[in-house]
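To start, the structure itself, in structure tokens.
Structure representation (structure tokens):
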């Protein structure tokens, strides 16, 4: 329940419907007097105004249908219910319009902060409202229903403070994602520069099977029979926690584990976690456990790979994420329609280069610095997002 009074959206904003046009109206070679038109596909977290545009003659667009900075463009009709109601704000001046399947929510700045309304219209509460407002067959959001949507309305100064907090959280996440993307690009390039291409081994490094240089362990099956053995709820990792380049520890589930389970499947810092498969993108994912919590186990769809003395975990992880390792997993995997998986034996037979330890260490140190920055920003983003989620829940229900 919001702590602020609820008001109708149309008490602080106007809803403007988009331009109706036919194929014959579209300008194929736009000139200076023509107007770009956004469609639902241009709404994707932000407004995409530099590509996938339709152009119309200026006379086909009313003055009211020319977007203004601060307008929120929303999809009002689509074949997919999940698309209806998605929105994004035009934050800068841009001369353009929007199609008939969309609408612009034009906020009165003396009544409400445009950024605040943009955040309200992006909340799960509003998306739940749009889902309930749709018909069974035709996925349309009625203009009058949108106008009647009730929003919490703090005083203007408070709205601006809230927008500042939510925008800051979004900016931290953007920076974290950019750093993570940079790490994804730099570390493989650093690996190739240091060791050469794993597909050809141009520097002639010794090759051993993964079984020879590591201990591979299987995890716990949740539905296993315990036969009355005492258990204790214990954190454990699932495939969903192992992303392509990192561990996502946003949600860690619990499993009833015996004392033997906690000894056999306990993760130690430096352990590599590798997924056995599922969808093709989940085949052979590899991430490292760094001891983020004191006691954690892993499920049976994740292999635990604990390196021996001849291979440094940071090096091994980069090797496992290489195209050569990916190619091996794809070659040996058992496949059904859209699904692929490897077993413990196949994983153990993976050929792994074993360069000299000093070279591995030099690479691991550089890669670790890059990863450390990405992890630091990930943690900051998670903290900011938790704050934003709590604020949104308090304000918007």
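Residue numbers (the numbering used here): 12 to 408. Beta carbons are placed, not taken as given, at the ideal position from N, Cα and C, and that holds for glycine. All of these numbers come straight from a predicted model, not from anything done at the bench.
| Item | Value |
| --- | --- |
| Let's see if you can read the secondary structure: which residues bound the beta strand (DSSP E) around residue 25? | 24-28 |
| Are the Cβ atoms of residue 381 and residue 197 separated by less than 8 Å? | yes |
| Where do the N-terminal and C-terminal ends of the beta strand (DSSP E) with residue 247 fall, by residue? | 243-248 |
| What is the rounded straight-line gap between the Cα of residue 58 and the Cα of residue 171? | 21 Å |
| Which stretch, first to last residue, makes up the alpha helix (DSSP H) that contains residue 204? | 167-206 |
| Tell me whether residue 318 sits in a helix, a strand or coil according to DSSP, three-state version. | strand |
| Cβ of residue 481 within 8 Å of Cβ of residue 158? | No statement about residue 481 is possible, as the shown extent of the chain runs from 12 to 408 and does not include it. |
| When the Cα atoms are used, what is the spatial distance from residue 45 to residue 98? | 25 Å |
| Rounded to whole angstroms, how far is the Cβ of residue 116 from the Cβ of residue 150, which I believe are closer than 8 Å? | The pair is not a contact, with the Cβ atoms about 19 Å apart (cut-off 8 Å). |
| Alpha carbon to alpha carbon, what distance is there between residue 358 and residue 286? | 10 Å |
| For residue 190, which residues from the same chain have a beta carbon less than 7 Å from its beta carbon, with the 5 sequence-adjacent residues on both sides left out? | 384, 385, 388 |
| Tell me, to the nearest whole angstrom, how far the beta carbon of residue 49 is from that of residue 109; I am working on the premise that it is less than 8 Å. | 5 Å |
| Closest to residue 278 by C-alpha separation, out of 254, 288, 249, would be which residue? | 249 |
| Rounded to a whole number of angstroms, what is the C-alpha to C-alpha distance between residue 68 and residue 76? | 13 Å |
| Determine the direct distance from the alpha carbon of residue 364 to that of residue 211, and round the result to whole angstroms. | 11 Å |
| Can you look up residue 151 in the DSSP assignment and give me helix, strand or coil? | strand |
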